[in-house]
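Numbering (numbering that gives the first Met the number 0), first residue to last: 0 to 255.
Data block below; observations after.
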Amino acid sequence: MSHGAQLRIVILKWDRLYGDLIRRHIWDVWPNAVVCVFQHGIDALADIQDAVPDLFVTGVSIDDMDGLEHCEPFIETSLPILVVTSRPNTRMFEMLRGIRYDGIFDGSTEGMDHLPVALRHVVNRRPYISPSMLPFLKERKSTTLEDLTEREQVVLSVIGDGSDNKQASERLGISRYTVLTHRESIMRKLDLHHSRELMQYALVHGYVVITAKGIYRPGFQRRLGIGERRHGRESGSKAAGRADANGRAAPAVFDQ
């Protein structure tokens with residue numbers, strides 16, 4: 000791609016300062032580039048739908064998106080995608096396996112000075128992976144995480160913020176007994192012995208992200224939102240007491 004080429008590039012980062020810094024580095028490489036910076040996924044996706052850009056630079060945690068769902072529309076396309084993150088974790092790598100991307104840039108280890116190299120690679124449809132990411136991408140999954148079922152991972156994302164069984168049951172739309180069963184199974188598989196250890200595990204591995212705006216559960220936000228709304232509608236009615244012969248409530252979230 001020539002230095003004077005007028006590229007059209009879309010940046011999606013929840014942190015506007017970070018997005019503007021990336022734009023400055025893009026202009027250092029391609030001074031004539033048309034660069035649009037967005038903080039919300041719905042706005043970026045609408046812009047891309049109107050006119051497909053030459054490059055899509057995106058973060059991982061976007062306020063109005065669940066996990067990396069903002070990348071899902073491009074799985075079957077050829078749009079060059081560069082994922083830029085400064086907080087890589089296990090959950091992020093799990094989500095990356097479900098999308099298509101051309102490059103992953105780790106800002107926490109490479110810094111902005113190396114970003115132009117990644118940009119040039121991806122625009123020219125050459126893969127770019129930050130060296131710090133390679134060990135994680137080579138391993139399909141860690142043994143402990145592979146042992147957790149999908150349901151257990153959803154429960155982990157809820158109890159990982161310190162919620163007790165009652166609070167988790169309300170969010171998930173299942174009984175406290177079922178939450179307790181999942182909690183015990185998770186702690187046994189991960190060889191954890193205290194709730195504090197479980198919280199630390201969930202935070203370190205990205206199942207729970209705590210920000211100034213609230214608690215974020217990458218990849219599970221939509222399902223948990225559905226569970227909360229369903230539980231809210233049914234509380235105070237006979238539906239709230241809907242249960243099987245053993246007295247356990249129907250699993251609202253897990254039915255989705």
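Glycine is no exception: its CB is placed at the ideal position from the N, C-alpha and C atoms.
The structure displayed is predicted, hence computed values, not measured ones.
A contact is defined here as three or more CB-CB pairs under 8 Å, and the stretch 28 to 38 fails this definition with respect to the stretch 184 to 203. Ile74 and Lys165 have their C-alpha atoms some 39 Å from each other. Ile214 sits away from Leu118, with the two beta carbons spaced by 8 Å or more. When the Cα atoms are used, Gly18 and Leu11 turn out to be separated by approximately 7 Å. Going by DSSP, Leu179 is part of the alpha helix (DSSP H) stretching over Arg175 to Lys188.
Take Met94, set aside five residues on each side of it, and the residues of its chain with a beta-carbon closer than 8 Å to its own are Val59, Gly66, Leu67, Pro217 and Gly218, in chain order. The Cβ-Cβ distance between Val83 and Gly106 falls below 8 Å.
The beta-carbon separation of Ala201 and Leu155, rounded to 6 Å, stays under the 8 Å limit for a contact. Leaving aside the five residues that flank Trp13 on each side, the residues in its chain whose CB is nearer than 7 Å to its CB run, in chain order, Gln38, Gly58, Ser60, Ile61 and Asp62. In its chain, beyond the 5 residues on either side, Leu54, Pro79, Ile80, Leu81, Asp101, Gly102 and Tyr127 have a beta carbon closer than 8 Å to the beta carbon of Val121. Pairing Ile8 with His113, the inter-Cα distance amounts to about 18 Å. Ser184 is the residue among Ser184, Glu71, Leu20 and Asp46 whose C-alpha sits nearest the C-alpha of Thr148. For Leu81, DSSP records a beta bridge to Val56 and Gly102. Cβ contact annotation for Ile41 (same chain, cutoff 7 Å, sequence separation greater than five): Asp63, in chain order. Pairing Pro134 with Asp27 gives a Cβ-Cβ distance that is not under 8 Å.
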